[in-house]
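Following my numbering, the numbering of the sequence shown begins with 1 at its first residue and continues without gaps.
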Amino acid sequence: MFSNLWRIIRRPAGFAVLSAICLVNILADAAFAQTVQFDLEALSKVPATHPAEAITAEGVQSFFFEGSPYKGQPTRVFAYYGKPQDELAKDANGKFPAMVLIHGGGGTAFDRWVKVWNARGYAAIAIDLCGCVPVGEYGKWQRHDLGGPPGWDASFGQLDDPIEDQWTYHAVSAAALAHSLIRSYPDVDADRIGVTGISWGGYLTSIVAGVDSRFQLAAPVYGCGFLGENSAWLPAFENMGQQKAELWLKQWDPSQFLGNSRMPILWVNGTNDFAYPMDSWKKSYLLPQTERTLCLRIRMPHGHGPAGENPEEIQVFADSILKQEKPLPCIQEQGTEGDKVWAVFQSDVTISKAELCFTRKIGRWQDREWESISADIDTVTSRVSATVPSDATVFYLNLIDERDCVVSTMHVER
């Protein structure tokens, strides 16, 4: 089977011509059962902290906490922590809900991201996952002496090292340890903590959701699994060669972990995301046997800042679970009848409009042009419907509520 796969990979188009049958069969094979185990009991212990006196940011605390050993030596993870200034944000027991924030490729711990969540009434911890401190510029942050393995794409070259010395292992462990740390704070409610991450951070969030069952929710932005089937890293897998590509996917693809997740997950992405296309995204969100909410905007920009850190849907999702506030609309059913697509929803707030999103194109998901037209809303039956153009190749419905939050149905391919 693997030799046949390698013949496909070595065609001129490389990984782009991998058929769904090949990769799905491989990922479903018993040989691809999850092989990396994390010791959640050990990661649940509160890590020791150390001062980071040379690195400060107004309104937040900066420090290091002890991470997993790297090549037998200790490591430290840089973090920013902040909490709301408004005491009214506490619950009746005098505690805040909290979020663990996982940055994307080229990023680090961002104090501004912590402050975004503090302003929303949450305590928050942002951690650096690549052995750096937030000194320098984006993608060129200063490394420190106890930083552990370099991250992101560098993990492709670490497969000859023990699993415990590879970046994904360290990054997921750091997220769990940050969770253990923030849970220990007296003004944080340990039973009301979520996690969100952007891009590579969304990739990590997808793994963390299947590893750290203490979280009450997860919100991966862009990042997902099935990277060996379709993602921005197909050329990297081809360059790695068959054996190492298979090993990396077996160890570190989120598809190996998502099936273990039991927490509600909000999946946020754009139709043309350059790194995590819609086909791999859909296969990822279908794996967890838990509550699923989708937010798929046409041509959503990719990045930190307002694009990845501030989508209103993430706050509303977190508020509904951690503060018992009004949730995002829920898609209860969806289907097609002839040239019609429909969805039945439940919502505690008014649905202000609905739209049919569709493309007439085929080929690379990243290159397809998307259009939208108004969909009909029947407020009596809580049903949305639209007529699908005859030449549409992929389509889905978006519901937009009075808070301008978007909730999407699963996309349908013709």
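Using N, Cα and C, we set each Cβ at its ideal position, and we do this for glycine too.
Keep in mind the model is a prediction, meaning the values are calculated, not measured.
Among the options, which residue has its Cα nearest to the Cα of residue i?
i: F96; options: A178, V77, Y185; result: Y185
i: D376; options: K353, L234, G308; result: K353
i: I193; options: G201, L181, A307, G202; result: L181
i: H302; options: Q289, Y276, L286; result: Y276
i: V135; options: Q85, S62, D189, D187; result: S62
i: H179; options: A57, H103, V46; result: V46
i: I204; options: A176, R368, V133; result: Just to set this straight, residue 204 is Leu in the shown sequence, not Ile. Closest option to L204, Cα to Cα, is A176.
i: S213; options: M263, W167, W152; result: M263
i: L286; options: T49, S255, F156; result: S255
i: N260; options: S206, E238, I298, A236; result: S206
i: G105; options: Q73, I351, G201; result: G201
i: W233; options: F274, G139, L43; result: F274
i: G131; options: K361, Y122, W152; result: W152
i: M240; options: L159, F215, G338; result: L159
i: A52; options: V133, E337, R299; result: V133
i: A48; options: E41, L40, G67, T56; result: G67
i: H304; options: F64, D91, D111, S44; result: D111
i: D401; options: S382, N310, F395; result: S382
Report the partner residues of residue i according to the DSSP bridge assignment.
i: E413; result: V394
i: F345; result: I331
i: A219; result: T196
i: I127; result: A79, I102
i: T271; result: In the DSSP output, where bridge partners are listed per residue, T271 has none listed.
i: L266; result: T293
i: P51; result: F63
i: K45; result: Its beta-bridge partners do not exist; DSSP assigns none.
i: R383; result: V344, D378
i: V188; result: F96
i: L399; result: A354, V407
i: T336; result: V341
Going by beta-carbon coordinates alone, are residue i and residue j separated by less than 7 Å?
i: I265; j: A318; result: no
i: Q251; j: V36; result: yes
i: I125; j: A174; result: no
i: D348; j: K326; result: yes
i: L296; j: N272; result: no
i: A230; j: S199; result: For the record, residue 230 in the displayed sequence is Asn; it is not Ala. Not in contact: N230 and S199 (Cβ atoms no closer than 7 Å).
i: C405; j: V316; result: yes
i: G82; j: V116; result: no
i: V407; j: L399; result: yes
i: R364; j: T393; result: no
i: V221; j: F38; result: no
i: T409; j: Q334; result: yes
i: D253; j: L227; result: yes
i: P150; j: H170; result: no
i: L247; j: P288; result: no
i: C224; j: S284; result: yes
i: T75; j: L129; result: no
i: T168; j: W141; result: no
i: G121; j: A98; result: no
i: I55; j: G197; result: no
i: V188; j: V100; result: no
i: L328; j: T379; result: no
i: F156; j: A236; result: yes
i: R360; j: D391; result: yes
Starting from residue i, trace the beta strand (DSSP E) in both directions and tell me its first and last residue.
i: E291; result: Element bounds for E291: n/a, residue is neither H nor E.
i: L142; result: Reading off the sequence, residue 142 comes out as Gln, not Leu. Taken as a continuous stretch (DSSP letters only), the beta strand (DSSP E) holding Q142 covers 140-143.
i: E355; result: 351-359
i: P235; result: That residue, P235, is in no beta strand (DSSP E); its alpha helix (DSSP H) goes 234-240.
i: E134; result: Before going on, a small fix: residue 134 reads as Pro here, not Glu. Here the beta strand (DSSP E) through P134 covers 132-137.
Looking at the secondary structure, which residues open and close the alpha helix (DSSP H) in which residue i lies?
i: G308; result: 306-309
i: T168; result: 167-183
i: W152; result: It is not in any alpha helix (DSSP H) - W152 carries neither H nor E in the DSSP assignment.
i: W415; result: Only positions 1 to 414 of the chain appear in this structure, which leaves residue 415 out of reach.
i: I321; result: 312-322
i: W370; result: No alpha helix (DSSP H) holds W370; the beta strand (DSSP E) holding it covers 370-374.
i: S408; result: Run containing S408: none in the alpha helix (DSSP H); it sits in the beta strand (DSSP E), 406-408.
i: M278; result: 278-285
Step through the CB atoms of chain C and report whether any lies within less than 7 Å of the CB of residue i.
i: M263; result: Of the protein chains in the structure, only one exists, and it is not chain C.
- Item | beta strand (DSSP E) segments (min. 3 residues) lying fully within the stretch 57-118 | 61-66, 76-82, 96-102
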